[in-house]
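Asker:
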Amino acid sequence: MKRTETQALIESVMSGLAERSDFLGIEDDEKRRFVCGSAKEILKTTDKVIKSYIRVSTEKDGIVRIPAYRVQHNNISGFYKGGIRFSEFVNEAEVENLAILMTLKNALHRLPYGGAKGGVHVDPRKFTEKELNLISKKYVQRFSRDIGPNHDIPAPDLGTNEKIVDWMVGEFKTIHPGEQYLGSFTGKSVENGGARGRREATGRGTFLSYSWMLDEWAGLHANGNDINRHKQWETLKSLREQTENGEPIRVAVQGFGNVGGVAALEAYTYSKYQHKVVAVSDRFTTLYHSEGLDIEKLIEYTKKGRDLPSNSEHLKQAGVEAEIKPVTDVLIVDTDVLILAAIEDQIHQDNMEEVKAGVLVEGANAPISLEADDYFERNGTIVIPDILANAGGVIVSYLEWKQSRVTELFTEEEIIADMSKQMIETLKNVYDSYFSSVDQTMRNTCFTLSLERLTGLLYRHGKLF
Ligand code: NAD
Numbered sequence: 082m083k084r085t086e087t088q089a090l091i092e093s094v095m096s097g098l099a100e101r102s103d104f105l106g107i108e109d110d111e112k113r114r115f116v117c118g119s120a121k122e123i124l125k126t127t128d129k130v131i132k133s134y135i136r137v138s139t140e141k142d143g144i145v146r147i148p149a150y151r152v153q154h155n156n157i158s159g160f161y162k163g164g165i166r167f168s169e170f171v172n173e174a175e176v177e178n179l180a181i182l183m184t185l186k187n188a189l190h191r192l193p194y195g196g197a198k199g200g201v202h203v204d205p206r207k208f209t210e211k212e213l214n215l216i217s218k219k220y221v222q223r224f225s226r227d228i229g230p231n232h233d234i235p236a237p238d239l240g241t242n243e244k245i246v247d248w249m250v251g252e253f254k255t256i257h258p259g260e261q262y263l264g265s266f267t268g269k270s271v272e273n274g275g276a277r278g279r280r281e282a283t284g285r286g287t288f289l290s291y292s293w294m295l296d297e298w299a300g301l302h303a304n305g306n307d308i309n310r311h312k313q314w315e316t317l318k319s320l321r322e323q324t325e326n327g328e329p330i331r332v333a334v335q336g337f338g339n340v341g342g343v344a345a346l347e348a349y350t351y352s353k354y355q356h357k358v359v360a361v362s363d364r365f366t367t368l369y370h371s372e373g374l375d376i377e378k379l380i381e382y383t384k385k386g387r388d389l390p391s392n393s394e395h396l397k398q399a400g401v402e403a404e405i406k407p408v409t410d411v412l413i414v415d416t417d418v419l420i421l422a423a424i425e426d427q428i429h430q431d432n433m434e435e436v437k438a439g440v441l442v443e444g445a446n447a448p449i450s451l452e453a454d455d456y457f458e459r460n461g462t463i464v465i466p467d468i469l470a471n472a473g474g475v476i477v478s479y480l481e482w483k484q485s486r487v488t489e490l491f492t493e494e495e496i497i498a499d500m501s502k503q504m505i506e507t508l509k510n511v512y513d514s515y516f517s518s519v520d521q522t523m524r525n526t527c528f529t530l531s532l533e534r535l536t537g538l539l540y541r542h543g544k545l546f
């Protein structure tokens with residue numbers, strides 16, 4: 082889903098809210114339309130786009146000039162918050178789209194944060210560790226006036242990790258002596274004040290968004306009363322029946338990094354309903370095994386910074402039985418559930434009809450186009466959207482930020498329990514609303530709940546006259 086699609090959806094949801102006579106308690110139709118029109122303009126506009134160039138001296142190419150961005154979309158809900166990605170595909174429109182989605186995600190999960198995102202146009206695999214260290218420090222130097230614990234709090238994202246965040250915190254501390262530096266970034270290593278379980282949180286939350294629906298939510302609604310989304314309900318029921326009849330639910334996962342690797346492991350180890358992970362992929366390979374892949378061994382193999390096994394010799398080293406397939410096959414293999422945990426724009430008009438999964442879970446941001454979303458909605462496929470499914474990381478980031486203020490380390494159990502509780506509250510809200518409605522995608526439901534909250538805040542803060 083591209084920035085223009087996100088903005089179009091905001092526009093259409095806001096137009097719907099403007100016609101709802103119960104919205105904001107404003108009975109006067111004209112006034113309500115005016116207020117919603119103002120909110121729409123504010124939320125479609127990004128507060129600040131900052132672009133800079135990082136120059137570093139590299140061993141191979143001498144001085145290179147790297148575009149870098151920090152985009153702050155909106156902070157009506159609280160301090161700007163959003164990860165920094167290192168990828169050769171980073172561009173301004175993409176970073177802005179991701180910042181808008183952060184505003185919506187934080188509002189949906191009622192976190193006291195607004196939305197931001199950062200990006201550096203590099204393929205991190207092409208730089209030495211020393212060069213990456215320099216790039217990370219220069220990023221903080223370039224944006225040091227724009228980030229900070231009470232203003233804009235970055236975190237890791239695609240291509241970045243706790244090591245890079247630790248370097249960035251170190252640089253922030255050097256530039257701002259005496260400031261409360263631990264709260265300036267989340268996703269730090271535990272030794273550097275990070276939250277236990279932060280690395281796993283997004284993958285765990287992503288799987289939870291699906292497993293909780295299958296297990297708890299569907300269990301609570303087993304009689305099918307108040308369900309209006311009949312095709313999707315049938316999809317869910319048939320998955321439950323499948324495992325009750327002893328046939329494991331098949332899962333495929335695109336992306337085997339921080340989010341995808343953990344989500345695959347969650348599926349592999351989930352004990353309540355039986356699952357098998359039939360396919361996983363990274364940027365080079367899809368591995369497929371109809372009887373289920375050994376995810377623990379694949380995690381062990383990739384731990385040392387390696388990609389997934391991509392030939393028979395690698396498979397032997399990993400001790401894993403699998404067929405090697407083209408990279409995009411993961412999207413179209415025979416599976417019941419497909420977890421998207423790599424990058425944007427993976428399923429669109431050109432390939433949506435080839436997708437076989439009955440449930441799609443967006444661990445990545447924006448992997449499905451609006452057109453494909455509508456198509457899946459019509460044919461009964463359940464799509465659990467990014468701003469709902471992949472919030473585990475930012476929820477734990479909030480706990481990390483909180484712990485930096487009281488200088489106390491929460492246990493991993495406390496963190497995971499808090500994250501799950503907070504996510505389940507939102508999941509229940511969204512699933513109740515979506516399955517009882519008649520004519521909207523789940524993304525629409527999520528955008529509606531977010532935009533209701535954001536408009537309510539803008540209204541109460543007196544911004545909509
Ligand atoms: P990562 O860098 O740890 O892993 C990315 C994985 O995707 C790697 O296995 C990589 O090989 C694979 N990949 C890259 N391009 C691909 C392609 N074209 N086809 C197939 N696979 C490809 O990144 P991550 O932190 O796991 O993030 C993955 C996604 O989840 C991103 O969209 C990110 O924005 C989103 N996300 C991450 C977090 C977080 O806490 N890390 C939070 C919310 C959302």
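For the sequence shown, the working numbering begins at 82 and goes up steadily by one.
Where a beta carbon is used, it is the ideal one built from N, C-alpha and C, also for glycine.
Taking 7 Å as the cut-off, is the CB of Asn446 close to at least one heavy atom of the ligand NAD?
Answerer: It does: the Cβ of Asn446 is within 7 Å (strictly closer) of some heavy atom of the ligand NAD.
Asker: Can you tell me which of Ser133, Phe160, Arg277 and Pro235 puts its alpha carbon nearest to the alpha carbon of Ile496?
Answerer: Closest option to Ile496, Cα to Cα, is Arg277.
Asker: Is it buried or exposed, Val519, if we count other Cβ atoms within 10 angstroms and call 16 or more buried?
Answerer: By the neighbour-count rule (16 or more Cβ atoms within 10 Å), Val519 is not buried but exposed.
Asker: Nearest CA to the CA of Phe365: which residue from Thr409, His395 and Gln355?
Answerer: Ranking Thr409, His395 and Gln355 by Cα distance to Phe365 puts Thr409 first.
Asker: Where in the segment 113 to 148 do unbroken runs of the beta strand (DSSP E), each at least 3 residues long, occur, reported from the N-terminal end onward?
Answerer: As far as the segment 113 to 148 is concerned, its whole beta strand (DSSP E) runs of at least 3 residues are 129 to 139.
Asker: To the nearest angstrom, report how far apart Phe491 and Lys406 are at their CA atoms.
Answerer: Straight-line Cα distance between these residues: approximately 42 Å.
Asker: Note the first and the last residue of the continuous beta strand (DSSP E) segment covering Thr507.
Answerer: Unbroken run through Thr507 is the alpha helix (DSSP H), Glu493 to Ser517; no beta strand (DSSP E).
Asker: Entirely within the segment 215 to 300 and at least 4 residues each: give me those alpha helix (DSSP H) ranges in chain order.
Answerer: Listed in chain order, the complete alpha helix (DSSP H) runs (minimum 4 residues) inside the segment 215 to 300 are 243 to 256 and 279 to 293.
Asker: Given Glu315, which residues of its chain have a CB within under 7 Å of its CB, disregarding the five upstream and five downstream residues?
Answerer: So the list reads Gly461, once near-sequence residues are dropped.
Asker: Is Ser391 near the ligand NAD, in the sense that its beta carbon is under 7 Å from a heavy atom of that ligand?
Answerer: Checking every heavy atom of the ligand NAD against the Cβ of Ser391, none is found closer than 7 Å.
Asker: Can you tell me whether Ser450 is buried or exposed, with buried defined as 16 or more other CB within 10 angstroms of its CB?
Answerer: Ser450 should be labelled buried.
Asker: Kindly examine the ligand NAD and report whether one of its heavy atoms sits closer than 7 Å to the Cβ of Gly275.
Answerer: For the ligand NAD, not one heavy atom lies less than 7 Å from the Cβ of Gly275.
Asker: In whole angstroms, what separates the C-alpha of Phe160 from that of Arg151?
Answerer: Spanning the two alpha carbons is a distance of roughly 14 Å.
Asker: With H, G and I counted as helix, E and B as strand and the rest as coil, what does DSSP make of Arg166?
Answerer: If DSSP states are grouped into helix, strand and coil, Arg166 belongs with the strands.
Asker: Since Glu443 sits in a beta bridge, which residues does DSSP pair it with?
Answerer: Leu421.
Asker: Quick one: is the Cβ of Asp363 within less than 7 Å of any heavy atom of the ligand NAD?
Answerer: Yes.
Asker: Could you name the residues of the same chain whose beta carbon sits closer than 7 Å to that of Ser265, not counting the 5 residues immediately before and after it, in chain order?
Answerer: Excluding residues within five positions, the ones whose Cβ falls inside 7 Å are Ile228, Gly229, Pro230, Ile234, Val250 and Phe253.
Asker: Using a Cβ-Cβ cut-off of 6 Å (strictly less than) and excluding sequence neighbours within five positions of Met433, which residues of its own chain qualify?
Answerer: Closer than 6 Å at the Cβ level, and outside the excluded window around Met433, lie Ala453 and Tyr456.
Asker: Excluding the 5 residues flanking Asp204 on each side, which residues of the same chain have their C-beta closer than 6 Å to its C-beta?
Answerer: Around Asp204: Glu169.
Asker: Please specify which runs of the beta strand (DSSP E), each continuous and at least 3 residues long, are wholly inside the segment 331 to 400, giving them in chain order.
Answerer: 356 to 362 and 367 to 369, all fully within the segment 331 to 400.
Asker: Only counting the same chain, and skipping five residues up and downstream in sequence, which positions put a Cβ closer than 6 Å to that of Leu185?
Answerer: Excluding positions up to five away in sequence, the list reads Ile468 and Ser531.
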